[in-house]
Amino acid sequence: MSQILLHLSVAVRLLAFGWSVALVVRFRDRRLILLSAVLALMATRQALTDVLSLAGRASEAAVIAELPGLLVSIGMLLVVILIGRMIADYREAIRTASASAAALRENEARLQFVVDQAPVVLWALDQDGVFTLSEGRSLDVLGLEAGQVVGRSVFDVYEGHDEILDDARRALAGHHIRSVVQVGGTVFESRQRPITDASGVVRGVIGVATDVTARERAMRQLETSHRAVSEAYDHTLEGWVRALDLRDRETEGHTQRVTELTVELARSLGVPADEIEHIRRGALLHDIGKIGIPDSVLNKQGPLDDAEWELMRKHPVWAREMIAAVPFLEPALDIPYCHHERWDGTGYPQGLTGRSIPLAARAFAVVDVWDALLSERPYSPPWTEVEALAHLRAEAGGQFDPEVVTGFLGLLQERTREA
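Following this line, the structure appears as structure tokens:
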């Protein structure tokens, strides 16, 4: 037993010394060199002692007395192993941190390159509106350099630019801001986001603005071109209508009058602004299908016979065939195709009833009949306004939408007061 313990003691001490030497070679750490020297002395001294003990056939009690030293050697071995592990972990952490730092520097360089090349401005404000960041190529159009305004208040830098300062106040108050502002001759699309702490208190603002001057200029040019095309279309439509009015003596001047009044009525009924132009074009073209009606029928003196009425009732269908072939005019189709439909379903060409008739056509029908009743016709003298108003009221719920009739009567009263 004593022989085994003595041999184990020597082996442990030598193992601790060898392990420390290996760590010195691997990590080249001065603390491990010192530890290895201490272990070497301990191992050498104890090894000699153990050898002498073996040679002198030490007693069991003497061997047992060496047990504390053996335990210290084992503890020293464990310490060496632990230190080696800690140093390995430390070195790995340093390597990972170095790699992360290098990647971060690379990403920062890439971001800086993008910011320097792109037509943008990046900035950040603290909770008092003081710049903590100011970067971007587009700063030069503002007469600034990168970082020049850092430490200055946004309310000082942009004094007099009320729109910019209003956006800054709202962002500092916690609102996400997206706006288009102009500084000098440059137009920026700006986005700002508040930075809040865990309790929701605004601690600053980060923002980015893109120079969209070229885009805005192109949009204005496109709008100008679109407006020119629209005006050309409208002049063409007015030419068609004028030609039809000259051909149809009964309706001369009628189209312009009902178009203006229908647009007024549509606005008073709450029709969205983007639909008004389609209603105006539809009113102008309401009888365009009559181009297909022979002059003998269109300008006949006196009432039409059944065959002639059958032919006349086709003009909404012909209007639809003409207009549907022009995509620009298709949204204006409701009035030309449906203005002879009746609220009670007895109209033509589809026999629609109630609200299935487009609102534009329901409104136009009231205006169309009102103007026709007040106009001079070859086979009928004009009605008085009192008679015409009585007819509209009588046909509310029959030929006409009752709500549209009410709205039209209110519009006439308003025009009378203004006159």
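Using the numbering used here, the first residue of the sequence shown is number 454, and each one after it goes up by one. Note that the Cβ used here is the ideal one computed from N, Cα and C, for glycine as well. Quick caveat, the model's predicted, so the values are computed rather than measured.
CB-CB length for residue i against residue j, believed under 8 Å
i, j, result
"GLN580", "ARG656", "5 Å"
"LEU718", "VAL822", "The pair is not a contact, with the Cβ atoms about 13 Å apart (cut-off 8 Å)."
"VAL640", "VAL665", "5 Å"
"ILE746", "LEU757", "With 8 Å as the limit, ILE746 and LEU757 do not qualify as a contact, their Cβ atoms being about 10 Å apart."
"THR663", "VAL573", "5 Å"
The alpha helix (DSSP H) enclosing residue i, as first and last residue numbers
i, result
"GLY657", "Segment 655-664 is the beta strand (DSSP E) holding GLY657; no alpha helix (DSSP H) there."
"THR708", "707-721"
"ASP581", "Looking at the DSSP string, ASP581 is not in any alpha helix (DSSP H), and its letter there is neither H nor E."
"VAL819", "812-827"
"ILE729", "726-737"
"HIS844", "838-848"
"ILE617", "615-625"
"GLY860", "855-871"
"HIS768", "768-777"
"VAL750", "748-751"
"TRP762", "759-765"
"ASP787", "787-791"
Outcome for residue i when other beta-carbon atoms lying within 10 angstroms are tallied against a minimum of 16
i, result
"TRP576", "buried"
"PRO769", "buried"
"PRO811", "buried"
"LEU845", "buried"
"ALA511", "Confidence is the limiting factor: at ALA511 the pLDDT is only 49, short of 50, which leaves the residue's position unreliable, though a coordinate-based value still follows. Classification of ALA511: buried, given that the 10 Å Cβ count is 16 or more."
"ALA847", "exposed"
"LEU786", "buried"
"VAL754", "Reading off the sequence shown, one finds Gln at residue 754, where the question assumed Val. Answer is exposed; the Cβ neighbour count stays below 16."
"HIS679", "exposed"
"THR708", "buried"
"ALA813", "buried"
"GLN645", "buried"
"ALA464", "exposed"
"ARG795", "buried"
"GLY851", "exposed"
"ALA624", "buried"
"ARG734", "buried"
"LEU675", "exposed"
"GLY706", "exposed"
"ALA736", "buried"
"GLY589", "buried"
Cα-Cα separation, residue i to residue j
i, j, result
"ASP748", "GLN866", "38 Å"
"PRO647", "ALA671", "32 Å"
"LEU751", "LEU842", "27 Å"
"GLU691", "HIS793", "22 Å"
"LEU722", "ARG868", "15 Å"
"ILE741", "ARG622", "56 Å"
"GLU730", "ASP593", "44 Å"
"TYR611", "ASP650", "27 Å"
"PHE853", "ARG720", "18 Å"
"ALA546", "ALA555", "14 Å"
"ALA849", "ILE744", "31 Å"
"LEU826", "GLY638", "57 Å"
"LEU864", "ILE732", "17 Å"
"THR585", "ALA626", "18 Å"
"SER553", "GLU598", "30 Å"
"ASP620", "HIS614", "10 Å"
"PHE855", "ALA681", "Correcting the residue type first, residue 855 is Pro in the shown sequence and not Phe. Going from the Cα of PRO855 to the Cα of ALA681 covers about 39 Å."
"PHE861", "ALA777", "29 Å"
"VAL694", "MET775", "14 Å"
"GLY804", "CYS791", "9 Å"
"THR677", "VAL779", "22 Å"
"VAL724", "PRO784", "14 Å"
"GLU829", "ALA726", "34 Å"
"HIS628", "VAL654", "12 Å"
Beta-carbon spacing of residue i, residue j below 8 Å
i, j, result
"TYR801", "ARG773", "no"
"TYR686", "PHE817", "no"
"PRO789", "LEU738", "yes"
"ARG605", "VAL583", "yes"
"GLY600", "SER587", "yes"
"VAL857", "ARG808", "no"
"ILE617", "VAL634", "yes"
"VAL711", "ASP797", "no"
"ILE630", "SER643", "yes"
"LEU578", "VAL607", "yes"
Segment limits, beta strand (DSSP E) that includes residue i
i, result
"VAL610", "Where VAL610 is concerned, there is no enclosing beta strand (DSSP E), although the alpha helix (DSSP H) it sits in stretches over 607-610."
"THR649", "639-649"
"ARG630", "Residue identity check: residue 630 is Ile in the sequence provided, not Arg. ILE630 -> beta strand (DSSP E) spans 630-636."
The ligand NAP heavy atom lying under 7 Å from the CB of residue i
i, result
"VAL839", "With respect to small molecules bound, the structure shown includes none, and the ligand NAP cannot be examined in it."
Below-8 Å beta-carbon distance, residue i vs any chain B residue
i, result
"SER643", "Within the model displayed, chain B is absent; a lone protein chain is all it includes."
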